[in-house]
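Trainee: Below you will find the structure I want to go over with you.
Numbering (my numbering), first residue to last: 3 to 443.
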């Protein structure tokens with residue numbers, strides 16, 4: 003045996019390990035410094051905003067005593083820019099300006115005095131007959147697996163009813179036990195606490211029908227020893243989602259029109275002269291990039307890639323994005339372009355596909371791609387604005403949900419738009435409190 007070569011190789015391996023540890027520590031220190039800088043900037047912005055608002059309030063109080071001529075203006079809470087009372091977005095920094103009702107709803111914290119006050123779970127389990135959770139863990143040093151499925155059975159009187167069943171029979175659990183849950187995986191945590199009492203440590207949880215999952219990828223969400231979502235993993239990897247499997251991200255722009263602009267653009271659309279439209283509109287007041295769903299399982303997918311701190315690929319493939327795995331989460335406020343309370347009288351909407359969109363996330367190293375859920379993200383509340391190019395269900399690639407946490411991307415990009423612009427001209431109908439489509443091209 004060549005001992006010199008053996009010890010040389012061993013030394014090289016140790017040096018490589020030390021270098022990996024050094025890079026990891028540097029990355030963690032950089033992330034910590036960035037977080038501290040972000041918090042300091044946010045604090046300074048909040049202090050500046052509070053100071054500006056206080057100064058403005060003092061000035062407004064003084065002016066109201068002498069002259070109320072400036073009562074039709076306010077200030078942006080982020081950059082302090084003076085705005086008109088009708089402004090919905092700051093022209094300087096783009097911050098959305100909330101009205102009194104929005105401010106009230108955002109400032110009120112949800113307080114629940116008992117489980118009965120918790121919101122109902124949004125999951126309609128009757129749509130998931132035959133589906134269930136699989137839990138794998140160790141008990142007394144031996145591997146164990148527990149399956150719990152949602153099945154149609156009978157009650158004590160012989161009446162048909164749906165229930166959760168394990169190999170030992172029906173489980174004493176009902177819809178009220180899922181109050182406060184926001185998606186399917188949250189419900190899986192509740193069930194785990196009913197059926198697992200002998201785990202030695204962490205538990206891995208998956209949901210689907212047999213080996214099939216909603217994302218078409220294996221799922222292994224980690225629960226800690228107390229059967230809550232695990233937060234022990236401090237190492238991170240990079241997840242990148244790509245809209246490159248058939249369905250593109252859709253970019254939708256909204257333009258506020260006055261009556262003259264509305265009439266001019268209406269005539270241009272009737273004449274099919276869309277090039278001249280841009281001579282008659284200002285910059286959009288709202289832009290949304292969405293991933294629209296119509297139920298096409300083959301094309302409504304995302305590519306994904308998971309890489310380590312050195313950029314080496316750990317896993318890659320594609321996942322399904324389905325309406326059944328789409329949820330509205332309480333920590334994400336609706337960010338509609340128009341509402342019944344806030345809308346221009348005349349509105350131009352344009353849509354265009356975006357080429358090669360991607361979004362990048364930092365996720366825990368124990369992240370399991372099959373366990374993600376998607377966030378509902380629409381352009382307007384249902385019934386207010388109908389557009390044939392909006393999906394039946396709408397999500398995005400810049401926010402996802404995993405193990406009880408909403409994750410926002412830290413980087414995103416694309417290769418520009420396709421150039422397949424479509425135009426939709428609307429007028430507000432006061433009687434029906436919605437937009438009426440006037441012309442399109």
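Glycine included, C-beta positions come from ideal geometry on N, C-alpha and C.
Note that the structure is predicted; figures quoted are calculated from it, not measured.
1. Extract the residue ranges of the beta strand (DSSP E) inside the segment 266-352, only unbroken runs of 3 or more that lie entirely within it.
2. How long is the line joining the alpha carbons of residue 222 and residue 235, rounded to whole angstroms?
3. May I ask you to check if the CB of residue 152 is nearer than 6 Å to at least one heavy atom of the ligand HEM?
4. Output needed for residue 123: all residues of its chain with C-beta closer than 8 Å, excluding positions within five of it in sequence on either side, in chain order.
5. Under 8 Å by Cβ, that's how I've got residue 381 and residue 369 pegged, so tell me the actual separation to the nearest angstrom.
6. So for residue 128, helix, strand or coil by DSSP?
7. Do you know offhand how far residue 360's Cα is from residue 164's?
8. Can you grab the Cα-Cα spacing for the pair residue 339 / residue 356, in whole Å?
9. Per DSSP, residue 211 is paired with what?
10. If I measure Cβ to Cβ from residue 309 and keep anything under 7 Å in the same chain, skipping five residues before and after, which residues do I get?
11. Below 7 Å CB to CB, which residues in the same chain sit around residue 115 once its five sequence neighbours on both sides are set aside?
12. When DSSP labels each residue in this structure, what does residue 155 get in the three-state scheme?
13. Would DSSP call residue 190 helix, strand or coil?
14. Run through DSSP, which three-state label would residue 224 get?
15. Among the candidates 416, 395, 137, whose CA atom is the shortest distance from the CA of residue 212?
16. What residues are listed by DSSP as bridge partners for residue 436?
17. Does the beta-carbon of residue 346 have 16 or more other beta-carbons within 10 angstroms, so that it is buried, or is it exposed?
18. Would residue 237 count as contacting chain B if we go by Cβ distances under 7 Å?
19. Residue range of the beta strand (DSSP E) that residue 364 falls in?
20. Taking the beta carbon of residue 336 as the centre, do at least 16 other beta carbons fall within 10 Å, making it buried, or is it exposed?
21. Tell me whether residue 140 sits in a helix, a strand or coil according to DSSP, three-state version.
22. What are the boundary residues of the beta strand (DSSP E) that includes residue 403?
23. Residue 200 to residue 375, Cα distance in whole Å?
24. Please return the same chain residues whose Cβ sits closer than 7 Å to the Cβ of residue 385, not counting the five positions on each side in sequence.
25. Determine contact between the segment 245-258 and the segment 285-294, defined as no fewer than three beta-carbon pairs at a distance below 8 Å.
26. If residue 455 and residue 175 are in contact, beta carbons under 8 Å, what's the gap, nearest whole angstrom?
27. Out of 301, 224, 348, 288, point me to the one whose CA is closest to residue 371's CA.
28. Report back the beta-carbon spacing between residue 132 and residue 153 to the nearest angstrom; my notes put them in contact at under 8 Å.
29. Taking the alpha carbon of residue 143 as the point to measure from, which residue in 202, 155, 209 has its own alpha carbon closest?
Mentor: With the structure as the only source:
1. 288-295, 303-309, 315-322
2. As a first step, residue 222 is located in the chain shown; it is residue number 220 there, counting from the start. As a first step, residue 235 is located in the chain shown; it is residue number 233 there, counting from the start. Taking the straight line joining both Cα atoms gives about 14 Å.
3. Judged by which ligands are present, the structure shown has none, so any question about the ligand HEM falls away.
4. Position 121 of the chain shown holds residue 123. Around residue 123: 177, 180, 181, 182, 183, 184, 188, 189.
5. Counted from its first residue, the chain shown places residue 381 at position 379. Counted from its first residue, the chain shown places residue 369 at position 367. Not a contact, Cβ separation roughly 30 Å.
6. In the chain shown, the residue the question calls residue 128 occupies position 126. The answer is helix: DSSP assigns residue 128 an H, G or I state.
7. Stepping through the chain shown from its first residue, residue 360 is reached at position 358. Stepping through the chain shown from its first residue, residue 164 is reached at position 162. Between residue 360 and residue 164, the C-alpha separation is close to 41 Å.
8. For the purposes of this step, residue 339 is identified with residue 337 of the chain shown, where counting begins at 1. For the purposes of this step, residue 356 is identified with residue 354 of the chain shown, where counting begins at 1. Cα-Cα distance, rounded: 19 Å.
9. Residue mapping note: residue 211 aligns to position 209 of the chain shown, counting from 1. Its beta-bridge partners are 214.
10. By one-based count along the chain shown, residue 309 stands at place 307. Cβ neighbours of residue 309 beyond the five flanking positions: 239, 240, 315, 316.
11. Walking along the chain shown from the start, residue 115 turns up at place 113. Here residue 115 scores only 47 on pLDDT, less than 50, and its place in the model should not be relied on; the value that follows carries that caveat. Nothing meets the Cβ criterion.
12. Here residue 155 is taken as the residue at index 153 of the chain shown, counted from 1. Three-state DSSP puts residue 155 in a strand.
13. Here residue 190 refers to the residue found at position 188 when the chain shown is read from its first residue. Residue state, collapsed to three classes: helix.
14. Position 222 of the chain shown, counted from the start, is the residue given in the question as residue 224. Residue 224 falls in the strand class under three-state DSSP.
15. Sequence index remark: in the chain shown, residue 212 carries index 210 (1-based). Among 416, 395, 137, the Cα nearest to that of residue 212 is on 137.
16. Here residue 436 refers to the residue found at position 434 of the chain shown. The partner list for residue 436 (beta bridge, DSSP) reads 431.
17. Numbered from its first residue, the chain shown carries residue 346 at position 344. Counting Cβ neighbours within 10 Å, residue 346 comes out buried, since at least 16 surround it.
18. This model lacks chain B altogether; it includes just one protein chain.
19. Sequence index remark: in the chain shown, residue 364 carries index 362 (1-based). Segment 360-366, the beta strand (DSSP E) holding residue 364.
20. Start at 1 with the first residue of the chain shown, and residue 336 comes out as number 334. It is exposed - the Cβ of residue 336 has fewer than 16 other Cβ atoms within 10 Å.
21. Here residue 140 is taken as the residue at index 138 of the chain shown, counted from 1. Strand at residue 140.
22. The residue labelled residue 403 in the question sits at position 401 within the chain shown. Counting along the chain, the beta strand (DSSP E) containing residue 403 begins and ends at 401-404.
23. For the purposes of this step, residue 200 is taken as residue 198 along the chain shown, with counting starting at 1. For the purposes of this step, residue 375 is taken as residue 373 along the chain shown, with counting starting at 1. If I take the Cα positions, the gap works out to 29 Å.
24. By one-based count along the chain shown, residue 385 stands at place 383. Cβ within range, chain order: 436.
25. yes
26. A query on residue 455 cannot be resolved here, the shown segment of the chain reaching from 3 to 443 and no further.
27. Working through the chain shown from its first residue, we reach residue 371 at position 369. The candidate whose alpha carbon is nearest that of residue 371 is 224.
28. For the purposes of this step, residue 132 is taken as the residue at position 130 of the chain shown. For the purposes of this step, residue 153 is taken as the residue at position 151 of the chain shown. Contact holds; Cβ gap of about 7 Å.
29. Locating residue 143 in the chain shown gives position 141, where the first residue counts as 1. Among 202, 155, 209, the Cα nearest to that of residue 143 is on 202.
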